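Residue numbers (numbering that gives the first Met the number 0), protein chains in the order written: chain A, 0 to 226; chain B, 0 to 226.
2 protein chains.
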Amino acid sequence: MNPNGTKRSAGRPREAVLTRQKITDAAIKLLRTGSLKALTVSALAERLGVAPSAIYNHADSRATILSWVQESIAQQLDASGFGTEPWRAATERWAWSYYRLLREHPWFVEITATVPLRDAEVSARMYERVAYGLRAEGWRVRDVLHTISALESFIFGAAFDAAAPSDIYATGVHAQAAPILTAIVRAHDEVVANSELNTGEITFDLGLQAMLDGLHARHSHPKIANE
Amino acid sequence: MNPNGTKRSAGRPREAVLTRQKITDAAIKLLRTGSLKALTVSALAERLGVAPSAIYNHADSRATILSWVQESIAQQLDASGFGTEPWRAATERWAWSYYRLLREHPWFVEITATVPLRDAEVSARMYERVAYGLRAEGWRVRDVLHTISALESFIFGAAFDAAAPSDIYATGVHAQAAPILTAIVRAHDEVVANSELNTGEITFDLGLQAMLDGLHARHSHPKIANE
Chain A
0 MNPNGTKRSA
10 GRPREAVLTR
20 QKITDAAIKL
30 LRTGSLKALT
40 VSALAERLGV
50 APSAIYNHAD
60 SRATILSWVQ
70 ESIAQQLDAS
80 GFGTEPWRAA
90 TERWAWSYYR
100 LLREHPWFVE
110 ITATVPLRDA
120 EVSARMYERV
130 AYGLRAEGWR
140 VRDVLHTISA
150 LESFIFGAAF
160 DAAAPSDIYA
170 TGVHAQAAPI
180 LTAIVRAHDE
190 VVANSELNTG
200 EITFDLGLQA
210 MLDGLHARHS
220 HPKIANE
Chain B
0 MNPNGTKRSA
10 GRPREAVLTR
20 QKITDAAIKL
30 LRTGSLKALT
40 VSALAERLGV
50 APSAIYNHAD
60 SRATILSWVQ
70 ESIAQQLDAS
80 GFGTEPWRAA
90 TERWAWSYYR
100 LLREHPWFVE
110 ITATVPLRDA
120 EVSARMYERV
130 AYGLRAEGWR
140 VRDVLHTISA
150 LESFIFGAAF
160 DAAAPSDIYA
170 TGVHAQAAPI
180 LTAIVRAHDE
190 VVANSELNTG
200 EITFDLGLQA
210 MLDGLHARHS
220 HPKIANE
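#1: Identify, in the order they occur along the chain, each residue of the same chain with its Cβ nearer than 7 Å to the Cβ of Y98(A), setting aside the five sequence neighbours on each side.
#2: Can you name, in chain order, every residue of its own chain whose Cβ lies under 8 Å from the Cβ of L116(B), other than the five neighbours on each side?
#3: Could you work out which residue in A182(A), H145(A) and L43(A) is closest to I64(A) when comparing CA atoms only?
#4: Output the distance between the C-alpha atoms of W106(A) and A37(A), rounded to the nearest integer angstrom.
#5: Classify L196(A) as buried or exposed, calling it buried when 16 or more other Cβ atoms lie within 10 Å of its own Cβ.
#6: In three-state DSSP terms, what is E91(A)?
#7: Do V68(B) and I183(A) have their C-beta atoms closer together than 8 Å?
#8: Assess contact between the stretch 164-178 of chain A and the stretch 207-218 of chain B, defined as three or more Cβ pairs (one per stretch) separated by less than 8 Å. Is contact present?
#9: Could you have a look at E84(B) and say whether DSSP puts it in helix, strand or coil?
#10: Quick check on the DSSP output: what are the complete beta strand (DSSP E) runs of length 3 or more inside the stretch 71-155 of chain B, in order along the chain?
#11: In its own chain, which residues sit with a C-beta less than 6 Å from the C-beta of T18(A), not counting the 5 before and 5 after it?
#12: The alpha helix (DSSP H) that contains E189(A), what's its start and end?
#13: With a 10 Å radius around its C-beta and 16 neighbouring C-beta atoms as the bar for buried, classify A25(B) as buried or exposed.
#14: Roughly how many angstroms lie between the CA atoms of V16(B) and R46(B), to the nearest whole one?
#15: Quick check on this structure: which residue in G33(B), S34(B), L35(B) and A58(B) has the alpha carbon closest to the alpha carbon of I22(B)?
#16: For N1(A), count the other beta carbons within 10 Å of its own beta carbon; 16 or more makes it buried, fewer makes it exposed. Which is it?
#17: For S71(A), collect the residues of the same chain with a Cβ closer than 6 Å to its Cβ; drop the 5 residues on either side in sequence, then sort them by chain order.
#18: Between the C-alpha atoms of T187(B) and D160(A), what's the straight-line distance to the nearest angstrom?
#19: Under DSSP, the alpha helix (DSSP H) around P164(A) begins and ends at which residues?
#20: Using CA coordinates, which residue listed in S52(B), H145(B) and N193(B) is at the minimum distance from E189(A)?
#21: How is the alpha helix (DSSP H) around H215(A) delimited, first residue to last?
#22: Tell me the DSSP secondary structure of G171(A) in three-state form.
#23: So with Cβ pairs under 8 Å, would you call Y131(B) a contact of chain A?
#24: Determine, using beta carbons only, whether Q74(B) comes closer than 8 Å to chain A.
#25: Using a Cβ-Cβ cut-off of 8 Å, state whether I110(B) counts as contacting chain A.
#26: Could you tell me whether the Cβ of L144(A) comes closer than 8 Å to any Cβ of chain B?
#27: Candidates L101(B), S60(B), A192(B) and A78(B): which alpha carbon is nearest R92(B)'s?
#28: Buried or exposed: where does R31(A) fall if 16 or more other Cβ atoms within 10 Å of its Cβ makes it buried?
#29: Nearest CA to the CA of T111(A): which residue from S194(A), L35(A), A50(A) and A162(A)?
#30: Quick check on DSSP: helix, strand or coil for T18(A)?
#31: Please report whether the beta-carbon of L17(A) lies at a distance below 8 Å from any beta-carbon of chain B.
#32: Can you round the beta-carbon distance between S66(B) and V114(B) to whole angstroms, since I take them to be within the 8 Å contact cut?
#33: S152(A): buried (16+ other C-beta within 10 angstroms of its C-beta) or exposed?
#34: Since R137(B) meets chain A, which of its residues come closer than 9 Å, beta carbon to beta carbon?
#35: Please work out which residues of its chain come closer than 8 Å, Cβ to Cβ, to K28(B), disregarding the five sequence neighbours upstream and downstream, and give them in chain order.
#36: E136(B): which of T90(B), A94(B) and S60(B) sits nearest, CA to CA?
Right under this line is the structure:
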């Protein structure tokens, strides 16, 4: 059960076998290879070479371990612009860091949609900072949560979509049935070939800019902006 | 193996045992209960009470069956506004039909991101109609595919996000660490209570309108609109 395959000397172990960080890291490794269902306390115990009871000495439940994972990932999101930069620049920075993180850790989408903030203080503080940045620039209290949520929806979907094969829209033998689409796919391939961004990033950039333009107009419009 | 539990009389069966429609319907039922991996030819054969070879008499591969599913679902998307209504109204109608369909069939996101259009003529024709509608109103060839793709990203993410618990942002014991977020969540709950839409629909509406506003501005801007 010892993952290093070495014999442990008798008596007190040379280092603390378990820490929150070690459990979290092992959980992330499990989640990388499987889905949310793959993360069980017994699978974790096996990976760490300990008995399940040893894990329960540190975390009272699987839910707690999930919240540690959620926090460890949320910490990597760049919310530093909120409160220091204009909201649009701050949102752009945050959204790109979120998109890149999700492309690297696609399984994180499921965690984000599963772990309530009440169980994840670091994540709650991250959202607090986003909310503070928007409110400080006059966003209405009642608009902020839907705005964050709509942005996250787009980021989640874009990260998911980026995993699709790049030729998914190619019409192949149906080119005659879809001549406009076929020409469009060809033009699109040229755009991608001439860009430093890949196709997922180009789409993300377009959608994010469009959404921010729309949010900006909405936010600036006096009829809407007045509380 | 007969799914109806009745005895089949000897000789010629009273009805054709397999059709494309029956195989597609059975595949959709399998996908509803499991993931994409649950759809195998042998699982389908078992559900239909036939030998796998009987299925191969109709569909040459699992990929073909997936394309039938993709087409059967794509047919339910409302692209009827493209070419008959202004692009914005048409896009809104299409996006809402897509969102509602994905909320009912969340597994369809995976199919859409997996089955290439070259294998799914009905889907290719659906996208052709969308592309036609946008082109007819002067959208640049090179912009159309990324626009469709960005809209789909948002729709996918919103449908996914709608499955999250409605109190996911509630800060609970961390209310003091996140006072602005806590006030925002309370205001949000009031908005939802006073709306005919549920929280997922309100978010979808906000994000879609913002994105369409931004796309509209982009499309109307002469510097961008000229080919």
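For each residue, glycine too, the CB sits at the ideal point set by N, CA and C.
It should be emphasised that the depicted structure is a prediction, and the values quoted were computed from it without experimental measurement.
Let me spell this out:
#1: Locating residue 98(A) in the first sequence gives position 99, counting from the first residue. Cβ contact annotation for Y98(A) (same chain, cutoff 7 Å, sequence separation greater than five): I154, A157, A158 and F203, in chain order.
#2: Counting from 1 along the second sequence, the entry for residue 116(B) is found at position 117. So the qualifying residues of the chain are S122, A123 and Y126.
#3: Here residue 64(A) corresponds to residue number 65 of the first sequence, with the count starting at 1. For I64(A), the nearest C-alpha among the options comes from L43(A).
#4: Taking the first residue of the first sequence as 1, we reach residue 106(A) at position 107. Taking the first residue of the first sequence as 1, we reach residue 37(A) at position 38. Going by the C-alpha atoms only, they are around 11 Å apart.
#5: As a position in the first sequence, residue 196(A) is number 197, starting the count at 1. It counts as exposed.
#6: Translated into the one-based positions of the first sequence, residue 91(A) becomes position 92. Reduced to three states, the DSSP call for E91(A) is helix.
#7: As a first step, residue 68(B) must be located in the second sequence, where it is residue number 69. As a first step, residue 183(A) must be located in the first sequence, where it is residue number 184. No; because the gap between Cβ atoms is not below 8 Å, this pair is not in contact.
#8: Counting Cβ pairs under 8 Å, fewer than three are found: no touch.
#9: Position 85 of the second sequence, counting from 1, holds the residue named residue 84(B). Of the three classes helix, strand and coil, the one that applies to E84(B) here is strand, per DSSP.
#10: Fully contained in the stretch 71-155 of chain B is no beta strand (DSSP E) run of length 3 or more.
#11: As a working mapping, residue 18(A) is identified with position 19 in the first sequence. Non-local beta-carbon contacts of T18(A) in its own chain, meaning distances under 6 Å to residues more than five positions away in sequence, are absent.
#12: Here residue 189(A) refers to the residue found at position 190 when the first sequence is read from its first residue. In the DSSP assignment, E189(A) falls within the unbroken alpha helix (DSSP H) covering P178 to A192.
#13: For the purposes of this step, residue 25(B) is taken as residue 26 along the second sequence, with counting starting at 1. Buried.
#14: As a first step, residue 16(B) is located in the second sequence; it is residue number 17 there, counting from the start. As a first step, residue 46(B) is located in the second sequence; it is residue number 47 there, counting from the start. When rounded, the distance between both Cα atoms is 12 Å.
#15: Walking along the second sequence from the start, residue 22(B) turns up at place 23. When the alpha-carbon of I22(B) is set against those of G33(B), S34(B), L35(B) and A58(B), the nearest one is in A58(B).
#16: In the first sequence, the residue the question calls residue 1(A) occupies position 2. Only weak support exists for where N1(A) lies, its pLDDT of 47 falling under 50; the coordinates are left without a value.
#17: The sequence position of residue 71(A) within the first sequence is 72, counting from 1. A distance below 6 Å between beta-carbons, with the five flanking residues on each side excluded, links S71(A) to the following residues of its chain, in chain order: T23.
#18: By one-based count along the second sequence, residue 187(B) stands at place 188. By one-based count along the first sequence, residue 160(A) stands at place 161. One detail in the question is off: residue 187(B) reads as His in this sequence, not Thr. One Cα belongs to H187(B), the other to D160(A), and the distance between them is close to 29 Å.
#19: If you number the first sequence from 1, residue 164(A) lands on position 165. Looking at the DSSP string, P164(A) is not in any alpha helix (DSSP H), and its letter there is neither H nor E.
#20: Start at 1 with the first residue of the first sequence, and residue 189(A) comes out as number 190. E189(A) has its Cα closest to that of H145(B), out of S52(B), H145(B) and N193(B).
#21: Residue numbering aside, residue 215(A) sits at position 216 when the first sequence is read from its first letter. Element bounds for H215(A): T198 to S219.
#22: Within the first sequence, numbered from 1, the residue matching residue 171(A) stands at position 172. If DSSP states are grouped into helix, strand and coil, G171(A) belongs with the helices.
#23: Stepping through the second sequence from its first residue, residue 131(B) is reached at position 132. Interface residue, yes.
#24: The sequence position of residue 74(B) within the second sequence is 75, counting from 1. Q74(B) does not count as touching chain A.
#25: Along the second sequence, read from residue 1 onward, the residue named residue 110(B) stands at position 111. Residue contact check for I110(B) against chain A: no CB pair falls below 8 Å.
#26: In the first sequence, residue 144(A) corresponds to position 145, counting from 1. Judged by the 8 Å Cβ criterion, L144(A) is in contact with chain B.
#27: For the purposes of this step, residue 92(B) is taken as the residue at position 93 of the second sequence. In terms of CA proximity to R92(B), A78(B) leads the group L101(B), S60(B), A192(B) and A78(B).
#28: In the first sequence, the residue the question calls residue 31(A) occupies position 32. Exposed: under 16 other Cβ atoms inside 10 Å.
#29: For this step, residue 111(A) is matched to residue 112 along the first sequence. That would be L35(A), whose Cα lies nearest to the Cα of T111(A).
#30: Position 19 of the first sequence, counted from the first residue, corresponds to residue 18(A). Assigned with DSSP and collapsed to three states, T18(A) falls in coil, not helix or strand.
#31: Translated into the one-based positions of the first sequence, residue 17(A) becomes position 18. Chain B contact via Cβ: absent.
#32: Counted from its first residue, the second sequence places residue 66(B) at position 67. Counted from its first residue, the second sequence places residue 114(B) at position 115. Yes, S66(B) and V114(B) are in contact; Cβ-Cβ is about 5 Å, under 8 Å.
#33: Taking the first residue of the first sequence as position 1, residue 152(A) is located at position 153. Label assigned to S152(A): buried.
#34: Stepping through the second sequence from its first residue, residue 137(B) is reached at position 138. Going by the sequence as given, residue 137(B) is Gly instead of Arg. Per Cβ cutoff of 9 Å: no residues; G137(B) is ~13 Å from chain A at best.
#35: The residue labelled residue 28(B) in the question sits at position 29 within the second sequence. Contacts found: R46.
#36: One-based indexing of the second sequence puts residue 136(B) at position 137. Distances from the CA of E136(B) to each of T90(B), A94(B) and S60(B) were compared; the closest alpha carbon is that of T90(B).
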